[in-house]
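Notes follow once the structure below has been shown.
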Amino acid sequence: MKEMIKLTAINKSFGDVSIIKNLNITIYQSEFLTMLGPSGCGKTTTLRMIAGFESPTSGEILLDEKSVKNLPPNKRKVNTIFQNYALFPNMTVAENIAFGLKMAKVPKIERQKRVTAMLKLVQLEGYGKRKLDQLSGGQKQRIAIARALVNQPQVLLLDEPLSALDLKLRKQMQIELKRLQRKLGITFVYVTHDQEEALMMSDRIAVMNQGHLEQVADPQTLYEKPQTRFVANFIGESNIFYGKISTVVDDLAEITVENGYLAIKTATDTINKDQIVNIVVRPEKIKLSATEVEHFHLPAKISEHYYAGNVRKTVLKLPNGMELKMNTPSEQTLLPVGKEVFVYWNPSDAILVKSDSNKIFKTIKNTDFEPIK
Ligand SMILES: Nc1ncnc2c1ncn2[C@@H]1O[C@H](COP(=O)(O)OP(=O)(O)O)[C@@H](O)[C@H]1O
Ligand SMILES: [Mg+2]
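Written as structure tokens, this is what we have:
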């Protein structure tokens, strides 16, 4: 696959504040890559460096396999859709879309042809003569997309393009944008802080945390095999245990935690006795038993049930106050609140994660409960 964007050892500081830390990522042709992370983690800064509005403090950016070090933004085959669309309010829809073509001195006939094609692409045929203030938020969004695509960029950078829209329209535009990207085969670098949006739209997601890349993978891998505690927390819901490996037999490890012990099945070369580890268990993997299950000792009390459409959400309380989240399909009967149970899971459903992306199994401050001594 052709490498469309390659960031190598990118660092970016503003003054003496380091914002992006040793970022390495390759984005392929026709890929839909999403940069996902909480507000302030450096997503916009990264996009702006790709677009050429900021320069990295160190490191190299390749676009289409060529260094863009001395290439100004307008010479890069990259277009950006900003959060606020940045449309020209005094121009018509057609004038907005044609603006870049006019700057590039594309002849009028060709301009009109391309604008018409773009309006069709974003399902706004016949809207060319309208003024911008006659358009809804969703329509303006589509005009911004049309304007960004009209000069056929190889790469489209999208910075939280749907965040101004209400939920229903946002959901609709997510599907439309994804369809458009597939149809055109353009590389999309999409920025959002919304994990659901990222999971739904992306081929791969790059999860960022305080300026460094935690993990980049396809949505399913991120959910099923998060490599770090941060990713496990940020993508989907998780229960995170903190403990020490007490025994390893073949690929089954027993881990002592403050509340008792539990088990995980994982590749033996990643686990050693006495290692301090974080274990992630997704709410839908939690099981309950009236009696103890081999390799597990996690007594708990059913604390609350919540209705949530297709699942019931249950809160389980462990003796030290730690709460576990459990999801059950709605058609299953629930045990009553107050009932005492034993928690377990299929050991291969638990995931071993690093405390952070740099250090394997570093001991960390656990927010759920105090680590075992
Ligand atoms: N021009 C700038 N000067 C100083 N600090 C900046 C500048 N641009 C961004 N920052 C800081 O860099 C960090 C990352 O910002 P940004 O890339 O906008 O994050 P995100 O898009 O993930 O919310 C923030 O702490 C922000 O305040
Ligand atoms: Mg931003």
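Numbering (the working numbering), first residue to last: 1449 to 1821.
Cβ coordinates follow ideal geometry from the N, Cα and C atoms, glycine included.
Through-space distance from Gly1548 to Asn1599, alpha-carbon basis | Within the sequence shown, residue 1599 is the residue found at index 151, counting from 1. Within the sequence shown, residue 1548 is the residue found at index 100, counting from 1. Those two C-alpha atoms are separated by around 7 Å.
If we count the other Cβ atoms within 10 Å of its Cβ and call it buried at 16 or more, is Lys1491 buried or exposed?
-> Counting from one through the sequence shown, the residue named residue 1491 turns up at place 43. So Lys1491 ends up on the buried side.
Taking the alpha-carbon positions, what's the Leu1670 to Lys1787 distance?
-> Within the sequence shown, the letter at position 222 stands for residue 1670. Within the sequence shown, the letter at position 339 stands for residue 1787. Those two C-alpha atoms are separated by around 34 Å.
Applying the criterion that 16 or more other CB atoms from any shown protein chain within 10 Å of the CB defines a buried residue, is Gly1463 buried or exposed?
-> Counting from 1 along the sequence shown, the entry for residue 1463 is found at position 15. Gly1463 is exposed by the Cβ-count criterion.
Is Ile1473 near ligand 1, with its Cβ less than 6 Å from a heavy atom?
-> Residue numbering aside, residue 1473 sits at position 25 when the sequence shown is read from its first letter. Not under cutoff, so the answer is no.
Heavy atom of ligand 2 less than 6 Å from the Cβ of Lys1491, yes or no?
-> Taking the sequence shown and counting its residues from 1, the one referred to as residue 1491 is at position 43. Under cutoff, so the answer is yes.
Do Glu1801 and Pro1674 have their CB atoms nearer than 7 Å?
-> As a first step, residue 1801 must be located in the sequence shown, where it is residue number 353. As a first step, residue 1674 must be located in the sequence shown, where it is residue number 226. Here residue 1801 is Val; the residue named in the question, Glu, does not match the sequence. Contact: yes.
Contiguous alpha helix (DSSP H) assignments of at least 4 residues, all confined to the region 1482 to 1523 = 1491 to 1499
Taking one C-beta from the region 1507 to 1515 and one from the region 1555 to 1564 each time, how about it: are there three or more such pairs within less than 8 Å?
-> no
How long is the line joining the alpha carbons of Trp1793 and Ile1712, rounded to whole angstroms?
-> Here residue 1793 refers to the residue found at position 345 of the sequence shown. Here residue 1712 refers to the residue found at position 264 of the sequence shown. The alpha-carbon atoms of Trp1793 and Ile1712 are separated by roughly 9 Å.
Distance, Cα to Cα, Phe1780 vs Lys1761?
-> Here residue 1780 refers to the residue found at position 332 when the sequence shown is read from its first residue. Here residue 1761 refers to the residue found at position 313 when the sequence shown is read from its first residue. Sequence check: residue 1780 is Gln here, not Phe. Computed Cα separation, rounded: 12 Å.
Residue burial classification, Gly1757 (beta-carbon count within 10 angstroms, cutoff 16) = Counted from its first residue, the sequence shown places residue 1757 at position 309. So Gly1757 counts as exposed.
In or out: Asn1720 buried (at least 16 other Cβ within 10 Å) or exposed?
-> Residue numbering aside, residue 1720 sits at position 272 when the sequence shown is read from its first letter. That one is exposed.
Given Pro1667, which residues of its chain have a CB within under 7 Å of its CB, disregarding the five upstream and five downstream residues?
-> On the sequence shown, position 219 is the one that residue 1667 refers to. Correct list, in chain order: Leu1647, Ser1650 and Ile1653.
Runs of alpha helix (DSSP H) lying entirely within the region 1671 to 1745, each at least 4 residues, in chain order = 1677 to 1682
Taking 6 Å as the line, does the beta carbon of Ile1467 fall inside it for any heavy atom of ligand 1?
-> Walking along the sequence shown from the start, residue 1467 turns up at place 19. True, at least one ligand heavy atom lies under 6 Å from that Cβ.
Member of Gly1576, Leu1628 and Leu1661 whose CA lies at the smallest distance from the CA of Asn1459 | Taking the first residue of the sequence shown as position 1, residue 1459 is located at position 11. Among Gly1576, Leu1628 and Leu1661, the Cα nearest to that of Asn1459 is on Leu1661.
Could you check where the alpha helix (DSSP H) with Lys1616 kicks off and where it finishes?
-> Position 168 of the sequence shown, counted from the first residue, corresponds to residue 1616. Element bounds for Lys1616: Leu1615 to Leu1632.
Nearest-angstrom Cα distance between Tyr1533 and Lys1588?
-> Walking along the sequence shown from the start, residue 1533 turns up at place 85. Walking along the sequence shown from the start, residue 1588 turns up at place 140. Cα to Cα, Tyr1533 sits roughly 8 Å from Lys1588.
For Thr1540: DSSP bridge partner residues = Taking the first residue of the sequence shown as 1, we reach residue 1540 at position 92. The partner list for Thr1540 (beta bridge, DSSP) reads Lys1579.
Cβ of Met1497 within 7 Å of Cβ of Tyr1476?
-> Position 49 of the sequence shown holds residue 1497. Position 28 of the sequence shown holds residue 1476. No. Outside cutoff.
Where does Pro1777 land, buried or exposed, given buried means 16+ other C-beta within 10 angstroms?
-> Here the question's residue 1777 lines up with position 329 in the sequence shown. It counts as exposed.
Are the Cβ atoms of Ile1703 and Ile1688 separated by less than 7 Å?
-> Working through the sequence shown from its first residue, we reach residue 1703 at position 255. Working through the sequence shown from its first residue, we reach residue 1688 at position 240. Contact: no.
Using 6 Å as the cut-off, classify the Cβ of Ser1487 as near or not near the heavy atoms of ligand 1, replying yes or no.
-> Here residue 1487 corresponds to residue number 39 of the sequence shown, with the count starting at 1. For ligand 1, at least one heavy atom lies less than 6 Å from the Cβ of Ser1487.
Of the residues Ser1478, Ile1734 and Gly1500, which one's Cα is nearest the Cα of Leu1455?
-> The sequence position of residue 1455 within the sequence shown is 7, counting from 1. Nearest of Ser1478, Ile1734 and Gly1500 to Leu1455, Cα basis: Gly1500.
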